[in-house]
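Just add 7 to the spot in the sequence shown (first one is 1) and you have my numbering. Idealized CB from N, CA, C, for every residue including glycine.
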Amino acid sequence: MVVTDAGEARGYRPSATMPFVAEFRRQASRRRTQLALGFMVLLPLIILIAFQFDSGDDDNGRNEFASLVELATSGGLNFTLFSIFVSASFLLVVVVALFCGDTVASEASWGSLRYLLAIPVPRARLLTVKLVVALAYSGLALLLLAGTALLAGTLRYGWSPLRSTVAAELEPTEGLLRLVAVLGYLAVVLLVVAGLAFLLSVITDAALGAVGGAVLLWILSSILDQITALGALRDFLPTHFSTAWLGLLSTPVQTDDVVRGCISAISYATLFWGLAFWRFTRKDITS
(Lines of atoms letter the chains of each structure in order from A; the text may use other names.)
(Lines give C-alpha, C1' and ligand atoms only; values in the text may rest on other atoms or scores of the structure.)
Protein backbone atom coordinates (compact mmCIF):
# COMPACT_ATOMS: atom_id res chain seq x y z
CA MET A 8 0.00 0.00 0.00
CA VAL A 9 1.36 3.37 -1.03
CA VAL A 10 0.96 6.11 1.57
CA THR A 11 1.01 9.80 0.73
CA ASP A 12 2.80 12.51 2.73
CA ALA A 13 -0.50 13.25 4.46
CA GLY A 14 -0.63 9.71 5.82
CA GLU A 15 -3.43 8.54 3.55
CA ALA A 16 -3.39 5.57 1.20
CA ARG A 17 -2.86 6.65 -2.36
CA GLY A 18 -6.15 6.68 -4.26
CA TYR A 19 -8.22 6.90 -1.08
CA ARG A 20 -11.20 9.22 -1.47
CA PRO A 21 -13.54 9.69 1.51
CA SER A 22 -16.42 10.56 -0.82
CA ALA A 23 -16.06 7.19 -2.57
CA THR A 24 -16.55 5.15 0.61
CA MET A 25 -19.92 3.61 1.45
CA PRO A 26 -21.71 4.28 -1.87
CA PHE A 27 -25.37 5.29 -1.72
CA VAL A 28 -26.43 2.50 -4.10
CA ALA A 29 -24.67 -0.15 -2.01
CA GLU A 30 -26.35 1.04 1.18
CA PHE A 31 -29.73 1.29 -0.60
CA ARG A 32 -29.43 -2.32 -1.75
CA ARG A 33 -28.24 -3.43 1.66
CA GLN A 34 -31.28 -1.91 3.34
CA ALA A 35 -33.56 -3.38 0.66
CA SER A 36 -32.43 -6.87 1.67
CA ARG A 37 -33.50 -6.34 5.28
CA ARG A 38 -36.72 -7.96 6.41
CA ARG A 39 -38.05 -4.82 8.14
CA THR A 40 -37.72 -2.84 4.91
CA GLN A 41 -39.55 -5.49 2.92
CA LEU A 42 -42.32 -5.81 5.49
CA ALA A 43 -42.80 -2.05 5.87
CA LEU A 44 -42.98 -1.41 2.13
CA GLY A 45 -45.14 -4.49 1.64
CA PHE A 46 -47.62 -3.25 4.21
CA MET A 47 -47.84 0.09 2.41
CA VAL A 48 -49.05 -1.82 -0.63
CA LEU A 49 -51.28 -4.13 1.39
CA LEU A 50 -53.11 -1.49 3.45
CA PRO A 51 -55.16 0.06 0.60
CA LEU A 52 -56.14 -3.42 -0.52
CA ILE A 53 -57.30 -4.28 3.01
CA ILE A 54 -59.38 -1.10 3.10
CA LEU A 55 -60.82 -1.92 -0.32
CA ILE A 56 -61.82 -5.42 0.81
CA ALA A 57 -63.29 -4.01 4.04
CA PHE A 58 -65.52 -1.69 2.00
CA GLN A 59 -66.73 -4.67 -0.01
CA PHE A 60 -67.93 -6.39 3.16
CA ASP A 61 -69.41 -3.22 4.67
CA SER A 62 -73.10 -3.86 5.27
CA GLY A 63 -73.88 -0.21 5.87
CA ASP A 64 -75.61 -1.02 9.17
CA ASP A 65 -73.05 0.71 11.39
CA ASP A 66 -73.78 4.18 12.65
CA ASN A 67 -70.88 6.21 11.32
CA GLY A 68 -72.37 9.50 12.40
CA ARG A 69 -70.39 9.44 15.62
CA ASN A 70 -67.14 8.84 13.82
CA GLU A 71 -65.04 11.84 12.86
CA PHE A 72 -64.07 10.00 9.68
CA ALA A 73 -67.71 9.44 8.69
CA SER A 74 -67.83 11.99 5.89
CA LEU A 75 -64.70 10.64 4.23
CA VAL A 76 -65.91 7.06 4.59
CA GLU A 77 -69.06 7.98 2.69
CA LEU A 78 -67.05 9.62 -0.08
CA ALA A 79 -64.24 7.07 -0.25
CA THR A 80 -66.09 4.76 -2.61
CA SER A 81 -67.10 7.49 -5.06
CA GLY A 82 -63.88 7.36 -7.08
CA GLY A 83 -60.21 6.47 -7.11
CA LEU A 84 -59.10 9.93 -6.00
CA ASN A 85 -61.48 9.88 -3.04
CA PHE A 86 -60.34 6.40 -2.07
CA THR A 87 -56.73 7.63 -2.16
CA LEU A 88 -57.64 10.62 0.00
CA PHE A 89 -59.29 8.34 2.54
CA SER A 90 -56.25 6.03 2.64
CA ILE A 91 -53.96 8.99 3.26
CA PHE A 92 -56.28 10.41 5.90
CA VAL A 93 -56.41 7.24 8.00
CA SER A 94 -52.65 6.68 7.70
CA ALA A 95 -51.20 10.15 8.20
CA SER A 96 -51.58 10.54 11.96
CA PHE A 97 -49.97 7.27 13.09
CA LEU A 98 -49.04 4.65 10.50
CA LEU A 99 -46.81 6.90 8.40
CA VAL A 100 -45.23 8.25 11.58
CA VAL A 101 -44.30 4.70 12.64
CA VAL A 102 -42.92 3.79 9.22
CA VAL A 103 -40.75 6.91 8.97
CA ALA A 104 -39.55 6.43 12.56
CA LEU A 105 -38.70 2.82 11.69
CA PHE A 106 -36.56 3.69 8.67
CA CYS A 107 -34.78 6.62 10.31
CA GLY A 108 -34.56 5.34 13.89
CA ASP A 109 -33.24 1.90 13.02
CA THR A 110 -30.51 3.01 10.63
CA VAL A 111 -27.58 3.76 12.99
CA ALA A 112 -28.75 2.11 16.21
CA SER A 113 -29.10 -1.25 14.50
CA GLU A 114 -25.49 -1.10 13.31
CA ALA A 115 -24.41 -0.38 16.88
CA SER A 116 -26.50 -3.22 18.31
CA TRP A 117 -25.02 -5.65 15.78
CA GLY A 118 -21.50 -4.49 16.62
CA SER A 119 -20.80 -3.54 12.99
CA LEU A 120 -20.68 0.23 13.39
CA ARG A 121 -17.05 0.41 14.46
CA TYR A 122 -16.04 -1.85 11.57
CA LEU A 123 -17.74 0.48 9.08
CA LEU A 124 -15.75 3.38 10.50
CA ALA A 125 -12.56 1.33 10.34
CA ILE A 126 -12.81 0.85 6.54
CA PRO A 127 -12.37 3.85 6.98
CA VAL A 128 -15.66 5.65 6.31
CA PRO A 129 -15.69 9.24 7.59
CA ARG A 130 -18.33 9.68 10.27
CA ALA A 131 -20.08 12.52 8.47
CA ARG A 132 -20.11 10.46 5.26
CA LEU A 133 -21.61 7.45 7.07
CA LEU A 134 -24.35 9.54 8.66
CA THR A 135 -25.15 11.33 5.40
CA VAL A 136 -25.54 8.13 3.41
CA LYS A 137 -27.57 6.49 6.17
CA LEU A 138 -29.87 9.50 6.41
CA VAL A 139 -30.39 9.88 2.66
CA VAL A 140 -31.20 6.18 2.27
CA ALA A 141 -33.63 6.30 5.21
CA LEU A 142 -35.37 9.34 3.72
CA ALA A 143 -35.50 7.64 0.32
CA TYR A 144 -37.27 4.61 1.76
CA SER A 145 -39.62 6.84 3.77
CA GLY A 146 -40.57 8.69 0.60
CA LEU A 147 -40.97 5.39 -1.26
CA ALA A 148 -43.33 4.13 1.44
CA LEU A 149 -45.49 7.24 1.08
CA LEU A 150 -45.59 6.88 -2.71
CA LEU A 151 -46.41 3.18 -2.53
CA LEU A 152 -49.34 3.85 -0.20
CA ALA A 153 -50.79 6.61 -2.39
CA GLY A 154 -49.98 4.88 -5.68
CA THR A 155 -51.55 1.57 -4.66
CA ALA A 156 -54.64 3.33 -3.32
CA LEU A 157 -55.02 5.36 -6.50
CA LEU A 158 -54.60 2.35 -8.76
CA ALA A 159 -56.85 0.02 -6.76
CA GLY A 160 -59.46 2.71 -6.12
CA THR A 161 -59.61 3.78 -9.77
CA LEU A 162 -59.94 0.21 -11.01
CA ARG A 163 -62.74 -0.45 -8.53
CA TYR A 164 -64.59 2.88 -8.33
CA GLY A 165 -63.56 4.67 -11.52
CA TRP A 166 -61.86 7.98 -12.37
CA SER A 167 -64.21 10.52 -10.80
CA PRO A 168 -63.95 14.09 -9.46
CA LEU A 169 -62.37 14.60 -6.05
CA ARG A 170 -64.87 15.41 -3.32
CA SER A 171 -64.27 16.40 0.27
CA THR A 172 -66.04 18.07 3.15
CA VAL A 173 -63.95 21.25 2.84
CA ALA A 174 -64.11 21.89 -0.90
CA ALA A 175 -66.35 21.98 -3.89
CA GLU A 176 -66.11 19.14 -6.37
CA LEU A 177 -62.77 19.16 -8.17
CA GLU A 178 -62.20 17.81 -11.64
CA PRO A 179 -60.01 14.69 -11.71
CA THR A 180 -56.94 16.48 -13.09
CA GLU A 181 -57.08 19.25 -10.51
CA GLY A 182 -57.95 16.73 -7.80
CA LEU A 183 -54.86 14.71 -8.66
CA LEU A 184 -52.70 17.82 -8.40
CA ARG A 185 -54.23 18.59 -5.00
CA LEU A 186 -53.40 15.06 -3.82
CA VAL A 187 -49.82 15.44 -5.03
CA ALA A 188 -49.59 18.68 -3.03
CA VAL A 189 -50.98 16.88 0.02
CA LEU A 190 -48.34 14.16 -0.31
CA GLY A 191 -45.63 16.78 -0.66
CA TYR A 192 -46.75 18.55 2.51
CA LEU A 193 -46.99 15.29 4.45
CA ALA A 194 -43.46 14.44 3.34
CA VAL A 195 -42.23 17.75 4.74
CA VAL A 196 -44.12 17.33 8.04
CA LEU A 197 -42.74 13.81 8.49
CA LEU A 198 -39.22 15.23 8.30
CA VAL A 199 -39.71 16.10 11.98
CA VAL A 200 -40.23 12.42 12.78
CA ALA A 201 -37.27 11.51 10.59
CA GLY A 202 -35.02 14.02 12.34
CA LEU A 203 -36.09 13.01 15.84
CA ALA A 204 -35.78 9.28 15.15
CA PHE A 205 -32.38 9.80 13.52
CA LEU A 206 -31.13 11.79 16.50
CA LEU A 207 -32.29 9.09 18.93
CA SER A 208 -30.68 6.45 16.71
CA VAL A 209 -27.33 8.21 17.14
CA ILE A 210 -27.76 8.64 20.88
CA THR A 211 -28.80 5.07 21.72
CA ASP A 212 -27.63 1.63 20.64
CA ALA A 213 -31.17 0.25 20.92
CA ALA A 214 -33.03 0.53 17.62
CA LEU A 215 -36.38 -0.17 19.26
CA GLY A 216 -35.77 2.65 21.72
CA ALA A 217 -35.02 5.11 18.93
CA VAL A 218 -38.10 4.13 16.92
CA GLY A 219 -40.41 3.95 19.91
CA GLY A 220 -39.05 7.15 21.42
CA ALA A 221 -39.71 9.13 18.25
CA VAL A 222 -43.27 7.80 17.99
CA LEU A 223 -44.01 8.43 21.66
CA LEU A 224 -42.69 11.99 21.52
CA TRP A 225 -44.81 12.65 18.42
CA ILE A 226 -47.89 11.32 20.23
CA LEU A 227 -47.06 13.43 23.28
CA SER A 228 -46.82 16.53 21.12
CA SER A 229 -50.19 15.67 19.54
CA ILE A 230 -51.78 15.34 22.99
CA LEU A 231 -50.34 18.64 24.17
CA ASP A 232 -51.61 20.30 21.01
CA GLN A 233 -55.17 19.45 22.09
CA ILE A 234 -54.79 21.39 25.34
CA THR A 235 -56.19 24.80 24.48
CA ALA A 236 -54.99 26.22 27.81
CA LEU A 237 -51.47 26.27 26.35
CA GLY A 238 -52.60 29.05 24.03
CA ALA A 239 -49.98 30.33 21.60
CA LEU A 240 -47.42 27.86 22.92
CA ARG A 241 -49.14 25.21 20.81
CA ASP A 242 -47.90 26.96 17.67
CA PHE A 243 -44.39 25.83 18.54
CA LEU A 244 -45.29 22.17 18.87
CA PRO A 245 -44.02 20.08 15.93
CA THR A 246 -47.46 18.51 15.45
CA HIS A 247 -49.49 21.73 15.54
CA PHE A 248 -49.62 22.07 11.74
CA SER A 249 -49.62 18.35 10.95
CA THR A 250 -53.19 18.49 9.60
CA ALA A 251 -52.76 21.75 7.68
CA TRP A 252 -52.81 19.69 4.46
CA LEU A 253 -56.61 19.77 4.68
CA GLY A 254 -56.35 23.40 3.59
CA LEU A 255 -54.94 22.21 0.27
CA LEU A 256 -58.31 20.58 -0.43
CA SER A 257 -60.42 23.64 0.35
CA THR A 258 -61.92 26.08 -2.13
CA PRO A 259 -60.13 28.42 -2.35
CA VAL A 260 -56.88 26.79 -1.26
CA GLN A 261 -55.75 27.79 2.24
CA THR A 262 -51.97 27.95 2.35
CA ASP A 263 -51.22 30.08 5.43
CA ASP A 264 -50.94 27.14 7.83
CA VAL A 265 -49.22 25.07 5.13
CA VAL A 266 -46.42 27.62 4.90
CA ARG A 267 -46.13 27.83 8.68
CA GLY A 268 -46.12 24.06 8.89
CA CYS A 269 -43.32 23.77 6.33
CA ILE A 270 -41.19 26.33 8.15
CA SER A 271 -41.79 24.59 11.49
CA ALA A 272 -41.04 21.10 10.14
CA ILE A 273 -37.88 22.10 8.29
CA SER A 274 -36.64 24.03 11.33
CA TYR A 275 -37.18 21.11 13.70
CA ALA A 276 -35.72 18.58 11.27
CA THR A 277 -32.63 20.71 10.67
CA LEU A 278 -32.13 21.11 14.42
CA PHE A 279 -32.44 17.38 15.08
CA TRP A 280 -30.14 16.43 12.20
CA GLY A 281 -27.60 19.03 13.29
CA LEU A 282 -27.59 17.62 16.81
CA ALA A 283 -27.25 14.10 15.43
CA PHE A 284 -24.18 14.99 13.38
CA TRP A 285 -22.69 16.97 16.25
CA ARG A 286 -23.18 14.09 18.68
CA PHE A 287 -21.97 11.33 16.36
CA THR A 288 -18.77 13.09 15.33
CA ARG A 289 -17.82 13.39 19.02
CA LYS A 290 -19.08 10.04 20.23
CA ASP A 291 -16.83 7.17 21.29
CA ILE A 292 -17.84 4.21 19.13
CA THR A 293 -17.45 1.03 21.14
CA SER A 294 -19.98 -1.18 19.38
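> Which parts of the segment 186-263 are runs of the beta strand (DSSP E), unbroken and 3 residues or longer, counting only runs that do not cross its ends?
Replying inline: Within the segment 186-263, complete beta strand (DSSP E) segments of at least 3 residues are not found at all.
> Quick one: Cα of S113 to Cα of A213, how far?
Replying inline: A direct Cα-to-Cα measurement between S113 and A213 gives close to 7 Å.
> A194 to T87, Cα distance in whole Å?
Replying inline: A194 and T87 have their C-alpha atoms spaced approximately 16 Å apart.
>> For L253 and S171, what's the separation of their Cα atoms in angstroms?
In response: L253 and S171: Cα-Cα distance of roughly 9 Å.
> For the beta strand (DSSP E) that contains R170, what are its first and last residues?
Replying inline: The continuous beta strand (DSSP E) containing R170 extends over residues L169 to S171.
>> Just verifying my parser: in three-state terms, what is the DSSP assignment at E178?
In response: In this structure, DSSP gives E178 a state outside helix and strand, which the three-state scheme calls coil.
>> Under DSSP, the alpha helix (DSSP H) around G165 begins and ends at which residues?
In response: Premise fails: G165 is in no alpha helix (DSSP H) and is neither H nor E.
> With 16 as the cutoff for other CB atoms within 10 Å, does S90 come out buried or exposed?
Replying inline: In the assembly as shown, S90 is a buried residue. Its beta-carbon has 16 or more other beta-carbons within 10 Å.
> Among Y144, G191, L138 and V200, which one has its Cα closest to the Cα of A35?
Replying inline: Among Y144, G191, L138 and V200, the Cα nearest to that of A35 belongs to Y144.
>> For the structure I just gave you, are there three or more beta carbon pairs, one from the segment 97-116 and one from the segment 173-188, closer than 8 Å?
In response: The answer is no - the segment 173-188 does not touch the segment 97-116, with fewer than three Cβ pairs under 8 Å.
> Okay, do the segment 222-239 and the segment 149-156 touch, 3+ Cβ pairs below 8 Å being the bar?
Replying inline: Using a Cβ-Cβ distance cut-off of 8 Å, the segment 222-239 and the segment 149-156 are not in contact, since fewer than three pairs of beta carbons, one from each stretch, lie closer than that value.
> Excluding sequence positions up to five away, which residues of its chain have a Cβ less than 8 Å from the Cβ of D264?
Replying inline: Close CB contacts of D264 within its chain, under the 8 Å cut and outside five residues either way in sequence, are with F248, A251 and G254 (chain order).
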